[in-house]
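> In the working numbering, the protein residues as written are 548 to 961.
This is the structure I have questions about; it appears just below.
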Amino acid sequence: MLQTLLVNLKLHFREKSQLFWLFAFPIILATMFNGMFGNIAESYELRTIDVVVVDNDDWRASPGAQTLVDGISSDANGDYEKADSDDGAMPKLITATKTSSVQAANQLLSDGKAQGALSVDGEGKLQLAISQAMQSSVTDVMASSGSLDISLTVLGNIVDLYNRNTNVVVNTAQHNPSALLDDAFTGSIGSSSGFTKEIQLTNFKPSSTARYYYALLGMAAMMAMSFAVNAVSMAQANLSALGIRRSVAPLPKLQQLLAGFLSSWICSFLSLTMAMLYIRFGCQISLGGREWAGLCACLMASFATSAFGTLIGALPGIPTGAKQGLCTALACILSLFSGLYGSFAMDLSDQIAQHAPILSTLNPAQQVTNLFYDILYYDSFQPFLTTVGVLAAMSLVWLAVTTVLLRRQRYEHL
Numbered sequence: 548m549l550q551t552l553l554v555n556l557k558l559h560f561r562e563k564s565q566l567f568w569l570f571a572f573p574i575i576l577a578t579m580f581n582g583m584f585g586n587i588a589e590s591y592e593l594r595t596i597d598v599v600v601v602d603n604d605d606w607r608a609s610p611g612a613q614t615l616v617d618g619i620s621s622d623a624n625g626d627y628e629k630a631d632s633d634d635g636a637m638p639k640l641i642t643a644t645k646t647s648s649v650q651a652a653n654q655l656l657s658d659g660k661a662q663g664a665l666s667v668d669g670e671g672k673l674q675l676a677i678s679q680a681m682q683s684s685v686t687d688v689m690a691s692s693g694s695l696d697i698s699l700t701v702l703g704n705i706v707d708l709y710n711r712n713t714n715v716v717v718n719t720a721q722h723n724p725s726a727l728l729d730d731a732f733t734g735s736i737g738s739s740s741g742f743t744k745e746i747q748l749t750n751f752k753p754s755s756t757a758r759y760y761y762a763l764l765g766m767a768a769m770m771a772m773s774f775a776v777n778a779v780s781m782a783q784a785n786l787s788a789l790g791i792r793r794s795v796a797p798l799p800k801l802q803q804l805l806a807g808f809l810s811s812w813i814c815s816f817l818s819l820t821m822a823m824l825y826i827r828f829g830c831q832i833s834l835g836g837r838e839w840a841g842l843c844a845c846l847m848a849s850f851a852t853s854a855f856g857t858l859i860g861a862l863p864g865i866p867t868g869a870k871q872g873l874c875t876a877l878a879c880i881l882s883l884f885s886g887l888y889g890s891f892a893m894d895l896s897d898q899i900a901q902h903a904p905i906l907s908t909l910n911p912a913q914q915v916t917n918l919f920y921d922i923l924y925y926d927s928f929q930p931f932l933t934t935v936g937v938l939a940a941m942s943l944v945w946l947a948v949t950t951v952l953l954r955r956q957r958y959e960h961l
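Spelled out as structure tokens, the structure:
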């Protein structure tokens, strides 16, 4: 049996077209995904804006303005530097340089040496101006940088909040100065309870594009069914010359089929694992430190799809080429309902899971994809184990049907 297993492995790895579709194609497709979606997450990160500060008499008369600039200024220089907020502190939003007059600041904006300018008017209000190039960048759909839009919006909100707080303090000092002695009142000044706040429900923040990559793993697992189809064909006397020779070999047919199943399982596992590792380290789609669980998911997914492929390979009266085509068709069709083909497919997958959960459960491509969803989106491993149980049950059913189809099979002629 061991010799038969090794022979099957060698035969699998000699199929160049099969190796391309099962090893190279998922990596090529993941690379395309990375090119299309790789910058989406970065577009939501704050970027440092180069701002010139008008340090004149009005500015020096408003010490709060300088305190604000010190709080949001970056110590480093450089255009579009990433804001560092990993420590949970206020992100460094701007890189500030000083000039002595509004005219000089406007000249720097015109020359493109600064993206924005901060000044204080005669009433003590903080004013924000942006350069023409900055305005064109955020209004032009084709040239717009999402991160730059967000940074500018944040800076504008900070300026507005500063001006509102300044007005509150000035009006209170003029009309009700005793209120400034109330700790509850002074503590409420500057409150931003009206703003939304991002919270994290789990101990890991997944990538917004991870779903597409894991749907790709579902398709890769389904494509790997062709290994099992070949393994069954090599043991069938009516499907290959090798099957004829094996039919008269002293090794029992059950052991031949078991060796073929194990060889297809190993090849499927290697194919899926290579794709997962490339997605993790090549495309930087993290599993939140649960890479070991990802390997377990690959092991279970490859077992399930090998069982399904064995069932397809055992179907009587169908040539091997037709069975290979059936595997490819099933992989492409079922991957549609697991969300592989863009946002429309993702919405369709969500609708099926919500309104027809039994169809989602019976879709092996969706269940393989769910293995990685469960690792990524849940703190508990209970959903992951549930999906493993579903795939294991489906695999046992497929193998049982395969046993019935192959049991005591006879041929009228070869």
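Glycine included, each C-beta is placed from N, C-alpha and C at the ideal position.
Return the chain-ordered list of same chain residues with a C-beta closer than 7 Å to the C-beta of F808, the five sequence neighbours on each side being excluded.
If you number the sequence shown from 1, residue 808 lands on position 261. Result list for F808: A775, A778, S853 and T857, in chain order.
> According to DSSP, is D634 part of a helix, a strand, or is it coil?
Position 87 of the sequence shown holds residue 634. In this prediction, D634 scores a pLDDT of 44, lower than 50, which makes its location untrustworthy; no coordinate-derived value is stated.
> From T614 to S666, what distance separates their C-alpha atoms?
Residue numbering aside, residue 614 sits at position 67 when the sequence shown is read from its first letter. Residue numbering aside, residue 666 sits at position 119 when the sequence shown is read from its first letter. Looking at the two C-alpha atoms, the distance is approximately 13 Å.
> Nearest by alpha-carbon distance to L569: which of M769, Y761 and V716 is it?
As a position in the sequence shown, residue 569 is number 22, starting the count at 1. Considering only alpha carbons, the answer is M769.
> Which two residues bound the contiguous alpha helix (DSSP H) that contains T949?
For the purposes of this step, residue 949 is taken as the residue at position 402 of the sequence shown. T949 -> alpha helix (DSSP H) spans Q929 to L953.
> Is I826 helix, strand or coil when you go by DSSP?
For the purposes of this step, residue 826 is taken as residue 279 along the sequence shown, with counting starting at 1. Helix, per DSSP.
> Is the beta carbon of T916 less than 9 Å from the beta carbon of S885?
Within the sequence shown, residue 916 is the residue found at index 369, counting from 1. Within the sequence shown, residue 885 is the residue found at index 338, counting from 1. Yes, the pair counts as a contact, with Cβ atoms nearer than the cut-off.
> Between the alpha carbons of A844 and S815, how many angstroms are there, rounded?
For this step, residue 844 is matched to residue 297 along the sequence shown. For this step, residue 815 is matched to residue 268 along the sequence shown. For A844 and S815, the distance between alpha carbons rounds to 12 Å.
> Near D597, which residues of its chain fall below 6 Å by C-beta distance, leaving aside the five closest residues on each side in sequence?
The residue you call residue 597 lines up with position 50 of the sequence shown. Correct list, in chain order: T642, A661 and Q662.
> Taking the alpha carbon of T644 as the reference point, which residue from D668, G936, D602 and L763 has its own alpha carbon closest?
To locate residue 644, count along the sequence shown from 1; it is residue 97. Among D668, G936, D602 and L763, the Cα nearest to that of T644 is on D602.
> Grab me the residues of L873's own chain with a C-beta within less than 8 Å of its C-beta, minus the 5 sequence neighbours each way, in chain order.
Taking the first residue of the sequence shown as 1, we reach residue 873 at position 326. Excluding positions up to five away in sequence, the list reads I859 and I865.
> What does DSSP give as the partner residue(s) for L673 in the beta ladder?
Indexing the sequence shown from 1 puts residue 673 at position 126. V667, per the DSSP bridge assignment.
> Go ahead and label Q565 buried or exposed: buried means 16 or more other beta carbons lie within 10 angstroms of its beta carbon, across all protein chains shown.
By 1-based counting over the sequence shown, the position of residue 565 is 18. It is buried - the Cβ of Q565 has at least 16 other Cβ atoms within 10 Å.
> Pull the bridge partners of A643 from the DSSP assignment, please.
As a working mapping, residue 643 is identified with position 96 in the sequence shown. Paired residues: V598.
> Shorter than 8 Å, the distance from the beta carbon of E838 to the closest heavy atom of the ligand MN, or not?
Summarising the ligand content, the structure contains no ligands, and the ligand MN is consequently not present.
> Should A900 and L881 be called a contact, given that it needs their Cβ atoms to be closer than 9 Å?
Position 353 of the sequence shown holds residue 900. Position 334 of the sequence shown holds residue 881. Contact flag unset, no.
> Within its chain, find whatever has a CB closer than 8 Å to the CB of L846; leave out the 5 residues flanking it on each side and keep chain order.
For the purposes of this step, residue 846 is identified with residue 299 of the sequence shown, where counting begins at 1. Contacts found: F816.
> Taking Cβ to Cβ, would you say Q679 is nearer than 9 Å to L656?
On the sequence shown, residue 679 is found 132 positions in, with the first residue counted as 1. On the sequence shown, residue 656 is found 109 positions in, with the first residue counted as 1. Yes, the pair counts as a contact, with Cβ atoms nearer than the cut-off.
> Give the secondary structure of S620 by DSSP, where H, G and I count as helix, E and B as strand, and everything else as coil.
On the sequence shown, residue 620 is found 73 positions in, with the first residue counted as 1. DSSP places S620 in strand when its eight states are reduced to three.
> Please report the distance separating the alpha-carbon of T578 from that of W606.
Position 31 of the sequence shown, counted from the first residue, corresponds to residue 578. Position 59 of the sequence shown, counted from the first residue, corresponds to residue 606. C-alpha separation (whole angstroms): 51 Å.
> What residue range does the alpha helix (DSSP H) around P904 cover?
Counting from one through the sequence shown, the residue named residue 904 turns up at place 357. P904 to L909 is the extent of the alpha helix (DSSP H) around P904.
> Which residue from I826, W945, L938 and G936 puts its Cα closest to that of F572?
For this step, residue 572 is matched to residue 25 along the sequence shown. Of the candidates I826, W945, L938 and G936, the one whose C-alpha sits nearest the C-alpha of F572 is I826.
> One question on the structure: do L953 and A822 come within less than 9 Å of each other, judged by their Cβ atoms?
Start at 1 with the first residue of the sequence shown, and residue 953 comes out as number 406. Start at 1 with the first residue of the sequence shown, and residue 822 comes out as number 275. Not closer than 9 Å, so no.
> Taking DSSP as the reference, what is the three-state secondary structure of E838?
Here residue 838 is taken as the residue at index 291 of the sequence shown, counted from 1. The answer is helix: DSSP assigns E838 an H, G or I state.
> Which residue marks the beginning of the alpha helix (DSSP H) containing I832, and which one marks its end?
Taking the first residue of the sequence shown as 1, we reach residue 832 at position 285. Premise fails: I832 is in no alpha helix (DSSP H) and is neither H nor E.
> Let me know the secondary structure DSSP gives I865 once reduced to three states.
Locating residue 865 in the sequence shown gives position 318, where the first residue counts as 1. It is coil, neither helix nor strand.
> Considering only residues of the same chain and omitting the five flanking positions on each side of L824, which have a CB-CB separation below 6 Å?
Here residue 824 refers to the residue found at position 277 when the sequence shown is read from its first residue. If we look at L824 and ignore the five residues flanking it on each side, it has no Cβ neighbours.
> Are L538 and T875 closer than 9 Å when you measure CB to CB?
Not covered by the structure: residue 538. The range shown for the chain is 548 to 961.
> Helix, strand or coil for D729? Go by DSSP, reduced to three states.
Translated into the one-based positions of the sequence shown, residue 729 becomes position 182. In this structure, D729 counts as coil in the three-state DSSP scheme.
> Just how far apart, CA to CA, sit N555 and T934?
By 1-based counting over the sequence shown, the position of residue 555 is 8. By 1-based counting over the sequence shown, the position of residue 934 is 387. The straight-line gap from Cα to Cα measures roughly 30 Å.
> Confirm, please, whether the CB-CB distance from L764 to L705 is below 9 Å.
Within the sequence shown, residue 705 is the residue found at index 158, counting from 1. Within the sequence shown, residue 764 is the residue found at index 217, counting from 1. According to the sequence provided, residue 705 is Ile. The question's Leu does not apply to it. Cβ distance not < 9 Å, so I705 and L764 don't count as in contact.
> Please report the residue range of the alpha helix (DSSP H) in which P563 lies.
Here residue 563 is taken as the residue at index 16 of the sequence shown, counted from 1. Reading off the sequence, residue 563 comes out as Lys, not Pro. That run of the alpha helix (DSSP H) goes K563 to L566.
> Would I922 and L834 qualify as a contact pair, given that the criterion is a beta-carbon distance under 9 Å?
For this step, residue 922 is matched to residue 375 along the sequence shown. For this step, residue 834 is matched to residue 287 along the sequence shown. Yes. Within cutoff.
> T759 to Y925, Cα distance in whole Å?
The residue you call residue 759 lines up with position 212 of the sequence shown. The residue you call residue 925 lines up with position 378 of the sequence shown. A small correction: the amino acid at residue 759 is Tyr; Thr does not occupy that position in the sequence shown. Their backbone Cα atoms lie some 18 Å apart in a straight line.
> Can you grab the Cα-Cα spacing for the pair L961 / F580, in whole Å?
Counted from its first residue, the sequence shown places residue 961 at position 414. Counted from its first residue, the sequence shown places residue 580 at position 33. With a pLDDT of only 48 at L961, under 50, the local geometry of the prediction cannot be trusted, and the value read off the model is given with reservation. Taking the straight line joining both Cα atoms gives about 47 Å.
> On the CB-based measure, 16 or more other CB atoms within 10 Å of its CB, does K563 come out buried or exposed?
Your numbering for residue 563 matches position 16 in the sequence shown. So K563 ends up on the exposed side.
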